[in-house]
Each structure stands twice: as C-alpha cells, then as structure tokens.
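Order-wise, the sequence lines are chains A and B.
In terms of this note's numbering, the first sequence opens at residue 32 and continues consecutively.
In terms of this note's numbering, the second sequence opens at residue 32 and continues consecutively.
For reference, the structure discussed in these notes is given below.
There are 2 protein chains.
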Amino acid sequence: MAEECTFCRIIQRVEEGVVVYEDDEHLILMDKHPYNPGHNLVIPKKHYKTLLEMPKSEAGKLFEKVWLIAKATVKALDADGIHIGQNNGRAARQVIDHVHVHIIPRFYEDEQNGRWPSRKTIPLEESRKLADMIRQQILHFKEEC
Amino acid sequence: MAEECTFCRIIQRVEEGVVVYEDDEHLILMDKHPYNPGHNLVIPKKHYKTLLEMPKSEAGKLFEKVWLIAKATVKALDADGIHIGQNNGRAARQVIDHVHVHIIPRFYEDEQNGRWPSRKTIPLEESRKLADMIRQQILHFKEEC
C-alpha cells in the first residue's frame, strides 16, 4: 500500500468510495466523475503505478477480471457498446498513480457533434444504485463463467 | 477466419498491412490512421467480434501480449506515456468487427486545446520503419520477460 495513494486508501477503507465488488486481488469502484452512468474502474489491490510495472501474469489476471466486469456492466446498463481504456503516465492523462482500467458503457445517443460524452457528476445515491445493479450481474456471470 | 473481415484477411495475407510481429496466437499491426506515430493494434488470430465473446483465458492471454507490446512501444518511441484502448460495438466506435486493442504512444506535447491528437496518414515507408523499431524492442523484451 502507498500511504498517499487515493486507491490504496479506498482499498484500506480509510477513504470513501462507491465499491461495486472486491475479491482478494481486485477492487471494482464506481468512477467519481463518470463519462456515462455505470462507468467503473477495475483496480488491482497491490500498488503499481502503471500496467508496465506489473508482472505479466498479474496484468493478464487483471484483464480477465476486466472481461468479467465488462460483461456485467453491459448487462446491468443494457449498454449498446463498451469501451475499455487504460492510461499510463501523465502524458496519457493518468491522474491517479495506481493502475486502473476504465470500463465505460456506451450508448448510440451519447455523443454530441461526434465528440465523446463529457464527465458528469452523479448523485451518490444513484451511483450506489448503479453499483448494486452491476454487482448483481457480476455475481451472475461469476457463476456462469 | 471470417472471409469478409479485414483483419482475418491480413492475418491470412490476402490483404496487405504493415505487420509488426506475429506468433501462433496474435498479430501486431500498425494502425493505418494512427493517432500518433507508433500506434499499433494487438489482434487475436482467432476471429471474435468483441472481447466479450472471447473465452476468459483468451482475453487474459491477449492482454499479456498487450502488456509486452506496450512496453516495447514505449521503449521504441521513447514515449512519455501510453494509452491502451479497446472498443466493443459501433456505439463504442468499433469499426472493424474483429477484436483489437489499440496501443497508442502519448507525448506531453501531442494535445491541442486539451483535445486528443487526431488520426493521421503516415507514409508507408515511415510506418514500416516504426514497425521495425517496435519489433526490435518486442524481441528484446520477449527474452527478458
């Protein structure tokens, strides 16, 4: 754990966040300023700054989890598509220096003038409701896969 | 193989593309209209439309390869950061219906007015030169990892 890291602090429950799901290796968190409702983050519990610093096998395991969460998110939100994004380094717009993968549900109507949707502020209650919906689907797919 | 699929056709060498590297499971291809020089795609040889259709273990293996290619691309381009992006479905801007992961080198100066770099057309010769540079680093990291 890195003491000053926001995600490490949420993993340790010394800082608040809307947690969707967690197991021994990963934590799924609702993004605080989502591009679309349901936008969440898949985060390895072990602190690495970027994907490139992780061992190969842990990177593979992280994306096996991403695969599961993406399926669950599409189902929970009835999304038309899903974007998976992962930024490494300030030049790539990484803001929090702890590896995280964005899972962003996309909808046919969510662009304006051909531009990506903007980040939004969603009431905490709505964020918690979305987290519950996604968690249900994670539990469903976990049994299936 | 899907007969009408551009990536399947490139994998089968019935259509041209600037191939960076390949092994039994994956092909690495230079993007035809890169956001930045060095932008390449990691493609599973087996035809799946989206990541969600792949078996979990194959998704994990795909991203173990992504991890390797991202490391090699950063080194080859001396990039300041790297973006990894994967689009599923038209609503998420997926254009070619065969799973592919974008590896996009990022540089501190590559944004204008806070907007992502635009797609570019790069001469074939330059694209081949960049592919050679990335291939060298892939071979280097493959031995190391």
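Virtual Cβ for every residue (Gly too), placed ideally from N, Cα, C.
Reference residue i; option with closest CA among the options
i	options	result
A:C39	A:V73, A:Y66 and A:G69	A:V73
B:P86	A:S149, A:K102 and A:I169	A:K102
A:A110	A:V126, A:H70, A:Q117 and A:S149	A:H70
B:I100	B:E89, B:I59, B:H129 and B:G120	B:I59
B:H78	B:D62, B:V51, B:Q168 and B:L93	B:L93
B:H57	B:C176, B:N67 and B:I41	B:I41
B:I169	B:K63, B:V97 and B:C36	B:V97
A:M32	A:Y66, A:V130 and A:N67	A:V130
B:R124	A:Y139, A:A123 and A:R124	A:Y139
B:Q167	B:A107, B:K80 and B:C36	B:A107
A:K173	A:E34, A:D141, A:E53 and A:K80	A:E53
A:C36	A:C176, A:K80, A:M164 and A:T104	A:K80
A:Q43	A:N67, A:K76 and A:P68	A:K76
A:I165	A:R150, A:E89, A:L82 and A:T104	A:T104
A:E84	A:D128, A:Y66, A:E34 and A:E95	A:D128
B:L82	A:R150, A:I113 and A:E142	A:I113
A:C176	B:E89, B:D163 and B:A162	B:E89
B:K151	B:P65, B:E95, B:G145 and B:L161	B:P65
A:E141	B:E95, B:P148 and B:A122	Note that residue 141 of chain A corresponds to Asp in the displayed sequence, not to Glu. Out of B:E95, B:P148 and B:A122, B:A122 has the C-alpha closest to the C-alpha of A:D141.
A:S149	A:V126, A:M61, A:D163 and A:N67	A:N67
A:V126	A:K63, A:V51 and A:D55	A:K63
Span of the alpha helix (DSSP H), counted from its first residue to its last, around residue i
i	result
B:H57	Careful: B:H57 lies outside any alpha helix (DSSP H), inside the beta strand (DSSP E) at H57 to M61.
Bridge partner(s) assigned by DSSP for residue i
i	result
B:P136	B:I113
B:R146	B:Q143
A:N21	Beyond the ends of chain A as shown, which are 32 and 176, falls residue 21 of chain A; an answer cannot be given.
Where residue i falls: helix, strand or coil (DSSP)
i	result
B:V105	helix
A:I153	coil
B:T84	For the record, residue 84 of chain B in the displayed sequence is Glu; it is not Thr. Three-state DSSP puts B:E84 in a helix.
A:I165	helix
A:R44	coil
B:R124	coil
Residue i, enclosing beta strand (DSSP E) - first and last residue
i	result
A:I74	N71 to P75
B:V51	V50 to E53
If you pair each beta-carbon of the region 114-124 of chain A with each one of the region 44-52 of chain A, do three or more pairs fall below 8 Å? The answer is no - the region 44-52 of chain A does not touch the region 114-124 of chain A, with fewer than three Cβ pairs under 8 Å.
Touch test, the region 143-155 of chain B against the region 130-138 of chain A, Cβ-Cβ under 8 Å, three pairs minimum: Judged by Cβ distances under 8 Å, the region 143-155 of chain B makes no contact with the region 130-138 of chain A, as fewer than three pairs qualify.
Listed in chain order, which residues of the region 59-76 of chain A have Cβ atoms closer than 7 Å to some Cβ of chain D? Any reference to chain D falls outside this structure, whose protein chains are A and B.
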